[in-house]
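One structure is given below, encoded as C-alpha coordinates.
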Amino acid sequence: MAGNPLDKLNKIPVLYKVIALSIILVGIVVGQYMTTWTELEKKSESLRRERDDLDRKYKEQKAVADNLPTFQQNTKKLEEDLNAALTQLPRSKEIPSLLRDIFTLGMKSGVEFKSFEPQKEANKSLYAELPLKLQIVGGYHEIAVFFDRIGKMSRIVNVSNLDVNSSKGKDGEDVLNIACTATTFMFLGGGS
(Lines of atoms letter the chains of each structure in order from A and count residues from 1; the text may use other names and numbers.)
(Lines give C-alpha, C1' and ligand atoms only; values in the text may rest on other atoms or scores of the structure.)
Protein backbone atom coordinates (compact mmCIF):
# COMPACT_ATOMS: atom_id res chain seq x y z
CA MET A 1 0.00 0.00 0.00
CA ALA A 2 1.23 3.34 -0.90
CA GLY A 3 1.64 5.53 2.07
CA ASN A 4 0.36 8.96 2.59
CA PRO A 5 2.65 11.46 0.78
CA LEU A 6 2.59 13.71 3.82
CA ASP A 7 4.08 10.90 5.90
CA LYS A 8 7.04 10.73 3.52
CA LEU A 9 7.41 14.49 3.73
CA ASN A 10 7.37 14.37 7.53
CA LYS A 11 10.25 11.85 7.50
CA ILE A 12 12.55 14.30 5.61
CA PRO A 13 14.83 16.17 8.02
CA VAL A 14 13.84 19.78 8.71
CA LEU A 15 17.15 21.09 7.36
CA TYR A 16 16.45 19.58 3.93
CA LYS A 17 12.94 20.98 3.99
CA VAL A 18 14.25 24.46 4.77
CA ILE A 19 16.89 24.20 2.01
CA ALA A 20 14.31 23.00 -0.55
CA LEU A 21 11.87 25.69 0.44
CA SER A 22 14.63 28.32 0.28
CA ILE A 23 15.64 27.17 -3.22
CA ILE A 24 12.01 27.33 -4.38
CA LEU A 25 11.54 30.78 -2.85
CA VAL A 26 14.82 32.06 -4.31
CA GLY A 27 13.77 30.70 -7.74
CA ILE A 28 10.41 32.45 -7.50
CA VAL A 29 12.01 35.72 -6.35
CA VAL A 30 14.73 35.56 -9.05
CA GLY A 31 12.16 34.73 -11.75
CA GLN A 32 9.89 37.55 -10.66
CA TYR A 33 12.85 39.93 -10.41
CA MET A 34 14.12 39.01 -13.89
CA THR A 35 10.67 39.38 -15.44
CA THR A 36 10.03 42.71 -13.75
CA TRP A 37 13.60 43.95 -14.39
CA THR A 38 13.44 43.10 -18.10
CA GLU A 39 10.14 44.92 -18.51
CA LEU A 40 11.41 47.92 -16.57
CA GLU A 41 14.64 47.96 -18.59
CA LYS A 42 12.66 47.95 -21.86
CA LYS A 43 10.41 50.73 -20.62
CA SER A 44 13.40 52.69 -19.34
CA GLU A 45 15.16 52.40 -22.73
CA SER A 46 11.99 53.50 -24.53
CA LEU A 47 11.61 56.51 -22.23
CA ARG A 48 15.32 57.35 -22.65
CA ARG A 49 14.93 57.34 -26.45
CA GLU A 50 11.80 59.47 -26.20
CA ARG A 51 13.59 61.92 -23.89
CA ASP A 52 16.57 62.15 -26.28
CA ASP A 53 14.23 62.76 -29.23
CA LEU A 54 12.34 65.47 -27.34
CA ASP A 55 15.63 67.01 -26.23
CA ARG A 56 16.85 67.10 -29.85
CA LYS A 57 13.57 68.68 -31.02
CA TYR A 58 13.76 71.21 -28.19
CA LYS A 59 17.31 72.21 -29.16
CA GLU A 60 16.31 72.58 -32.84
CA GLN A 61 13.30 74.72 -31.98
CA LYS A 62 15.32 76.75 -29.48
CA ALA A 63 17.94 77.41 -32.18
CA VAL A 64 15.18 78.59 -34.53
CA ALA A 65 13.65 80.74 -31.79
CA ASP A 66 17.06 82.20 -30.87
CA ASN A 67 17.68 83.04 -34.53
CA LEU A 68 14.15 84.22 -35.30
CA PRO A 69 15.15 87.87 -35.81
CA THR A 70 17.89 86.75 -38.22
CA PHE A 71 15.47 84.47 -40.07
CA GLN A 72 12.91 87.28 -40.29
CA GLN A 73 15.57 89.68 -41.53
CA ASN A 74 16.75 87.14 -44.14
CA THR A 75 13.16 86.54 -45.24
CA LYS A 76 12.58 90.27 -45.61
CA LYS A 77 15.82 90.61 -47.63
CA LEU A 78 14.81 87.71 -49.90
CA GLU A 79 11.38 89.29 -50.46
CA GLU A 80 13.05 92.60 -51.35
CA ASP A 81 15.42 90.80 -53.73
CA LEU A 82 12.48 89.00 -55.32
CA ASN A 83 10.58 92.26 -55.77
CA ALA A 84 13.67 93.87 -57.30
CA ALA A 85 14.04 90.92 -59.69
CA LEU A 86 10.35 91.12 -60.58
CA THR A 87 10.80 94.73 -61.69
CA GLN A 88 13.40 93.46 -64.16
CA LEU A 89 11.46 90.35 -65.16
CA PRO A 90 7.97 91.35 -66.28
CA ARG A 91 5.02 89.02 -66.18
CA SER A 92 3.16 88.16 -69.38
CA LYS A 93 0.59 90.94 -69.00
CA GLU A 94 3.44 93.50 -69.00
CA ILE A 95 5.18 92.23 -72.16
CA PRO A 96 3.13 94.25 -74.70
CA SER A 97 3.98 97.50 -72.91
CA LEU A 98 7.64 96.48 -72.79
CA LEU A 99 7.64 95.86 -76.55
CA ARG A 100 5.99 99.26 -77.06
CA ASP A 101 8.71 100.81 -74.89
CA ILE A 102 11.44 99.26 -77.06
CA PHE A 103 9.71 100.51 -80.21
CA THR A 104 9.28 103.99 -78.70
CA LEU A 105 12.96 104.12 -77.66
CA GLY A 106 13.91 103.29 -81.25
CA MET A 107 11.71 106.02 -82.66
CA LYS A 108 13.02 108.58 -80.13
CA SER A 109 16.59 107.58 -80.98
CA GLY A 110 15.99 108.21 -84.67
CA VAL A 111 16.22 104.65 -85.95
CA GLU A 112 13.80 103.21 -88.47
CA PHE A 113 12.35 99.75 -87.90
CA LYS A 114 12.28 97.60 -91.03
CA SER A 115 10.91 94.65 -89.07
CA PHE A 116 9.82 94.08 -85.48
CA GLU A 117 8.92 90.37 -85.08
CA PRO A 118 8.31 88.71 -81.72
CA GLN A 119 9.58 85.11 -81.82
CA LYS A 120 8.48 81.99 -79.99
CA GLU A 121 9.13 82.14 -76.26
CA ALA A 122 11.63 79.67 -74.74
CA ASN A 123 10.61 78.50 -71.27
CA LYS A 124 13.33 77.90 -68.69
CA SER A 125 12.76 76.76 -65.11
CA LEU A 126 11.79 80.10 -63.51
CA TYR A 127 11.68 82.42 -66.48
CA ALA A 128 10.96 82.52 -70.19
CA GLU A 129 13.10 84.12 -72.87
CA LEU A 130 11.13 86.29 -75.28
CA PRO A 131 13.25 86.95 -78.39
CA LEU A 132 12.37 89.77 -80.73
CA LYS A 133 13.91 89.87 -84.22
CA LEU A 134 14.69 93.43 -85.23
CA GLN A 135 15.87 94.99 -88.46
CA ILE A 136 16.73 98.62 -87.95
CA VAL A 137 18.27 101.32 -90.09
CA GLY A 138 19.94 104.47 -88.87
CA GLY A 139 23.12 106.39 -88.48
CA TYR A 140 25.88 105.14 -86.22
CA HIS A 141 25.05 107.70 -83.54
CA GLU A 142 21.28 106.98 -83.60
CA ILE A 143 21.82 103.24 -83.32
CA ALA A 144 24.33 103.69 -80.48
CA VAL A 145 21.83 105.90 -78.63
CA PHE A 146 19.08 103.29 -79.18
CA PHE A 147 21.21 100.45 -77.77
CA ASP A 148 22.31 102.67 -74.88
CA ARG A 149 18.69 103.47 -74.01
CA ILE A 150 17.77 99.78 -74.14
CA GLY A 151 20.64 99.08 -71.74
CA LYS A 152 19.32 101.68 -69.31
CA MET A 153 15.78 100.27 -69.17
CA SER A 154 14.57 98.98 -65.81
CA ARG A 155 13.79 95.68 -67.56
CA ILE A 156 16.45 93.25 -68.69
CA VAL A 157 16.88 93.27 -72.47
CA ASN A 158 19.85 91.53 -74.14
CA VAL A 159 20.78 92.41 -77.69
CA SER A 160 22.61 89.62 -79.54
CA ASN A 161 23.25 88.15 -83.00
CA LEU A 162 24.16 91.53 -84.48
CA ASP A 163 24.52 91.53 -88.26
CA VAL A 164 25.76 94.96 -89.36
CA ASN A 165 25.89 96.25 -92.95
CA SER A 166 26.48 99.78 -94.10
CA SER A 167 24.99 101.52 -97.09
CA LYS A 168 24.36 105.00 -98.39
CA GLY A 169 21.16 106.74 -97.41
CA LYS A 170 18.88 108.91 -99.57
CA ASP A 171 21.03 111.96 -99.00
CA GLY A 172 24.31 110.09 -99.53
CA GLU A 173 25.08 109.74 -95.81
CA ASP A 174 26.33 106.44 -94.38
CA VAL A 175 23.60 104.40 -92.68
CA LEU A 176 23.80 101.12 -90.83
CA ASN A 177 21.44 98.25 -91.56
CA ILE A 178 21.32 96.05 -88.47
CA ALA A 179 19.60 92.73 -87.95
CA CYS A 180 19.66 91.57 -84.34
CA THR A 181 17.76 89.73 -81.66
CA ALA A 182 16.58 91.64 -78.59
CA THR A 183 15.73 89.15 -75.87
CA THR A 184 13.70 90.10 -72.85
CA PHE A 185 12.69 87.82 -70.02
CA MET A 186 9.42 86.99 -68.33
CA PHE A 187 9.03 85.63 -64.80
CA LEU A 188 7.25 82.26 -64.66
CA GLY A 189 7.38 81.58 -60.91
CA GLY A 190 4.56 82.16 -58.44
CA GLY A 191 3.61 85.52 -57.03
CA SER A 192 1.16 88.21 -57.93
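According to my numbering, the residues represented by the sequence shown are 32 to 223, in order. All C-beta atoms in this analysis are idealised placements derived from N, C-alpha and C, irrespective of residue type, glycine included. All values reported here derive from a predicted model rather than from experimental measurement.
For the candidate residues the options, whose alpha-carbon lies nearest to that of residue i?
i, options, result
"isoleucine 209", "Asp194, Val49, Lys199", "Asp194"
"valine 188", "Ile133, Leu40, Asn114, Glu70", "Ile133"
"phenylalanine 218", "Ala153, Tyr158, Arg186", "Tyr158"
"glutamate 152", "Phe216, Ile167, Pro127, Glu173", "Phe216"
"serine 198", "Val206, Asn192, Ser191", "Val206"
"alanine 175", "Arg186, Asp86, Lys139, Leu46", "Lys139"
Considering only the beta carbon of each residue, do residue i and residue j sit closer than 8 angstroms?
i, j, result
"glutamate 143", "glycine 182", "no"
"glycine 15", "phenylalanine 177", "No statement about residue 15 is possible, as the shown extent of the chain runs from 32 to 223 and does not include it."
"leucine 161", "threonine 212", "no"
"glycine 145", "isoleucine 167", "The question names glycine, but residue 145 is lysine in the sequence shown. Yes."
"leucine 129", "arginine 180", "no"
Tell me which same chain residues have a C-beta within less than 6 angstroms of the C-beta of residue i, skipping the five on either side of it?
i, result
"glutamate 148", "Lys164"
"asparagine 196", "Asn208"
Closer than 8 angstroms by C-beta to residue i: which residues in its own chain qualify, once you throw out the five before and the five after it? Chain order, please.
i, result
"methionine 32", "Bear in mind that a pLDDT of 48 at methionine 32, under 50, signals an unreliable position, so the number given afterwards is only what the model happens to contain. Same-chain partners within the cutoff: there are none."
"asparagine 192", "Ala210, Cys211, Thr212"
Taking DSSP as the reference, what is the three-state secondary structure of residue i?
i, result
"aspartate 202", "coil"
"glutamine 92", "helix"
"valine 151", "The sequence given here has lysine at residue 151, not valine. Coil, per DSSP."
"asparagine 105", "helix"
"proline 162", "strand"
"leucine 193", "strand"
CB-CB under 7 angstroms to residue i, same chain, minus the five flanking residues each way: which ones, in chain order?
i, result
"glycine 62", "none"
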